[in-house]
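Heads up, the thing below is written out as structure tokens.
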Amino acid sequence: MILKGYNLKINILSTIKDTSLASFFPRFFSKSNFRFNIQKLSYLPRWIIVFLDSMVLVLAFCFTYLIFKGTGLDYIITPHVFAFIGSFFLVNLFFFWLFRTYSGIIRHSSYIDAVKLLFSQMAVLVFFLFFNFLFELLYKEKMFLNTALFINIVFSFCGLFLYRVIVKQTFELFFSESNDNKLTRTVIYGTDANAISVANALKFESPSRFKIVGFVDRNSQHASKRILDLPILILKKKLPGLMRSVGAEGVIMADKSLSKEEQLIIVDQCLEYNYRVYMVPLISDWENQKEISQKIKNIQIEDLLERSPIVLDSKSITKQLKDKTILITGAAGSIGSEIVRQVLRFEPKMVIVVDQAETPLHHLCLEMEGINTNTKIHTVITDVRNKAALNKVFKLYRPQMIYHAAAYKHVPLMEENPSQAILTNVEGTKNLADLACKYEVEKFVMVSTDKAVNPSNVMGASKRIAEKYVQSLQLKSRNENKLYATKFITTRFGNVLGSNGSVVPLFTKQIAEGGPVTITHPDIIRYFMTIPEACQLVLEAGAMGNGGEIYIFDMGKPVKIIDLARKMIRLAGFNPDIDIKIKIVGLRPGEKLYEELLNDTSKTLPTYHDKITIAQEIQEEFETLHTDIIELIGIASFFDNDDIVLKMKKIVPEFKSMNSTFEVLDRQLF
């Protein structure tokens with residue numbers, strides 16, 4: 011039971027060390043030790059609350075007795091006055107215990123506490139009315155006046171409830187007044203149960219962050235009404251105008267009926283006028299309702315993706331992964347590490363995490379140690395280029411499923427180092443795929459990129475060659491009618507928000523440093539998805555794939571990078587081009603203005619998931635492609651960039667370099 015009181019702040023240890031009584035007493039009885047500090051009060055024992063409730067009962071009893079005494083009537087008729095009074099208070103205490111009226115926190119009292127008090131007092135009334143009836147039957151006289159008892163019970167209930175209300179309101183008034191200058195004046199968008207629950211949670215949050223000044227309602231039927239003694243503000247025009255009228259600095263989005271498009275409109279309006287926007291999950295998403303207020307967060311850039319979140323089939327994934335041995339390459343990267351986290355939720359027998367980056371892999375291991383799981387986790391530091399080392403891993407652990415996320419992905423770096431792109435993205439994939447066939451792995455899921463579609467750079471072309479190779483292996487096994495052939499599956503998606511080296515962390519860093527935020531071109535657009543969504547797609551593809559498919563993901567509308575930069579600047583509380591400059595630096599080598607998800611000659615097939623489709627690419631015969639790739643890897647070993655890229659263009663005819671020194675090679679081919 012929380013009830014604020016006196017805080018003595020007695021530091022016994024420090025005063026005992028001082029042997030001088032002259033110094034001890036002035037310190038002990040100092041003003042600082044005896045000052046009243048309501049903010050530092052803690053819980054009082056329940057017996058104190060019972061004592062306070064008993065004092066209320068005494069006052070109510072005395073008040074009732076005096077009222078009836080003044081009218082010339084006797085409350086207590088029986089000569090056994092003390093026996094009745096004693097039994098009256100004992101019965102009250104019994105029903106206090108039975109209904110646990112003392113167990114609630116007074117400053118958080120609600121109608122539940124009022125109901126408990128009402129039940130306890132009604133039980134006392136019924137008990138003594140029945141007792142009085144029996145007493146009259148046995149002794150031909152009443153023990154007390156029934157009317158007086160009823161009035162006594164009314165006074166008792168009113169007193170018990172009233173002092174709780176006073177304590178509750180005192181605390182709310184004290185904290186709201188003492189913290190008003192520090193709190194963010196905020197409106198809650200919504201008037202449903204979700205919004206009311208959020209307001210209640212924020213009212214008791216400690217330390218408080220928000221001062222709620224009203225609820226925003228899109229409908230007009232609630233005009234002039236109030237919720238939790240706060241006004242309902244009718245939204246007639248734009249939200250910023252309404253917020254300005256009540257002096258609000260921010261808005262908490264708590265209306266579960268809002269569509270994604272409506273949310274984006276509101277966010278854009280608020281950011282334009284530098285109002286803060288906060289998001290809160292729905293009640294059904296709260297794991298612990300005691301921590302509701304902690305769920306409220308500043309709106310993140312991923313909340314502004316112009317599409318609905320993807321819901322995937324966890325049952326099929328569970329069937330695919332449970333009690334299996336899973337190998338994940340590139341496990342220390344942003345995509346690979348998230349695949350590890352999500353795979354562990356489906357209770358595989360064993361997970362082998364493979365990466366050549368020591369420190370990130372060590373960090374992942376430390377994280378995995380904190381996860382409560384029965385899955386065995388083995389860490390392997392090796393490079394996918396090293397086939398002998400990979401062979402030892404396959405021989406030792408015999409993986410049943412592979413998620414291949416290891417790759418070099420940065421376009422400008424690979425444009426300068428094409429040999430590294432070939433040795434890792436092509437040879438590394440070939441090593442894994444060949445070993446998967448040798449050791450009869452059930453499924454091989456490759457993480458690819460939209461840059462492999464009509465590639466304009468070395469990185470995208472290297473990933474397209476890797477795609478072609480795993481598809482050719484699938485075609486070969488199908489032609490040979492192998493019963494236990496590995497099923498090769500490819501997932502292809504766009505940019506991932508928050509991944510290592512992606513644009514969002516770069517913009518965040520540039521904004522924190524005061525700018526400028528660098529954009530390669532004002533018209534450049536990209537598709538975006540979150541890391542968890544990307545990894546869910548990989549798991550879903552592994553579950554639904556039968557081999558040879560390239561799965562592409564409906565990522566919604568493409569995002570203009572300059573608009574993304576402006577939103578991030580506003581989310582940070584700055585004005586674009588005023589507080590933080592946006593600088594156009596020009597397209598990087600190999601960079602397109604826009605990315606594609608399908609080749610010009612490709613078609614798509616639907617799947618059972620409306621957000622996932624299959625790209626129908628032309629599959630090449632294994633023998634010819636295998637010979638070309640062996641030759642390409644051999645050329646890459648001599649590190650002659652022009653020879654490497656020229657061979658890549660022959661393997662991938664649609665590879666046309668853009669904004670690159672390799673554009674001259676395209677002219678040589680035609």
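According to this note's numbering, the sequence shown is numbered sequentially starting from 11. Each residue gets a CB set at the ideal place from its N, CA and C atoms; glycine is no exception. Remember, it's a predicted structure, so these values are computed and weren't measured experimentally.
In terms of Cβ geometry, GLY260 and TYR283 do not form a close pair [threshold 8 Å].
Looking only at LYS440, ILE237, TYR85, the smallest Cα-Cα distance to ALA205 is reached by ILE237. Scanning PHE105, ALA124, LYS152 for the CA closest to the CA of PRO89 turns up LYS152. GLY224 has VAL197 as its beta-bridge partners, per DSSP. Within the stretch 351 to 438, the complete beta strand (DSSP E) runs of at least 3 residues fall at 360 to 365, 386 to 391, 411 to 414.
Contact annotation: ILE161 and LEU135 have beta-carbon atoms that are not nearer than 8 Å. Across the set ASN556, THR392, ARG110, the C-alpha of ASN556 shows the shortest separation from the C-alpha of GLN481. In the structure shown, ALA625 falls within a strand segment according to DSSP collapsed to helix, strand and coil. At the C-beta level, LEU240 and ILE222 come within 8 Å of one another. DSSP, reduced to helix, strand and coil, places ASN505 within a strand of the structure shown. A direct Cα-Cα distance of roughly 29 Å separates LEU193 from GLN520.
A distance below 8 Å between beta-carbons, with the five flanking residues on each side excluded, links ASN142 to the following residues of its chain, in chain order: LYS152, MET153, PHE154, ASN156, LEU159. Bounds of the beta strand (DSSP E) holding LYS453 are 453 to 459.
Of the residues assessed, CYS72 falls on the exposed side of the cut-off, its CB having fewer than 16 other CB atoms within 10 angstroms. Look at LYS332 here: in three-state DSSP terms it is coil, with no helix or strand label. A check of alpha carbon separations from PHE584 across PRO542, PHE563, GLY524, GLY600 identifies GLY524 as the nearest. For LYS660, the enclosing alpha helix (DSSP H) starts and ends at 651 to 661.
Annotated three-state conformation of TYR479 is helix, per DSSP.
Taken atom to atom, the span from the alpha-carbon of CYS447 to that of ALA415 is near 18 Å. Classified as exposed, PRO532 has fewer than 16 neighbouring CB atoms from the shown chains inside 10 Å of its CB. For ILE95, the enclosing alpha helix (DSSP H) covers residues 91 to 109. Burial is judged here by how many other beta carbons sit within 10 angstroms of a residue's own beta carbon; MET554 has at least 16 and is buried.
In this structure, VAL125 is the residue among PHE99, VAL125, ILE95 with its C-alpha nearest to the C-alpha of PHE109.
In its own chain, leaving out the 5 sequence neighbours on each side, no residue places its CB closer than 6 Å to the CB of PHE648. Under the three-state reduction of DSSP, MET578 is assigned to helix.
Restricting attention to ALA398, HIS373, THR180, the CA atom closest to the CA of THR389 is found in HIS373.
Looking at the backbone, the Cα of TYR537 and that of ASP460 are separated by about 9 Å. With 16 or more neighbouring CB atoms inside 10 Å of its own CB, LYS602 falls in the buried class. Going by beta carbons, VAL455 and TYR407 fall outside the 8 Å limit. Exposure of LYS247 is indicated by the presence of fewer than 16 other C-beta atoms within 10 angstroms of its C-beta.
Residues VAL455, ILE499, THR501, TYR561 of the same chain have their beta carbon placed closer than 7 Å to that of ALA551, with the five preceding and five following residues left out of the count. Under the DSSP assignment, VAL277 falls in the alpha helix (DSSP H) whose first and last residues are 270 to 282. With respect to THR201, ILE244 sits apart: the two C-beta atoms are not nearer than 8 Å. Rounded to whole angstroms, GLU633 and PRO586 show a C-alpha spacing of 55 Å.
Between the stretch 641 to 658 and the stretch 415 to 431 there are three or more C-beta pairs closer than 8 Å, enough to call the two in contact. For SER130, the CB contacts under 8 Å within the same chain, skipping 5 residues up- and downstream, are ASN102, PHE105, PHE106, LEU108, PHE109, THR111 in chain order.
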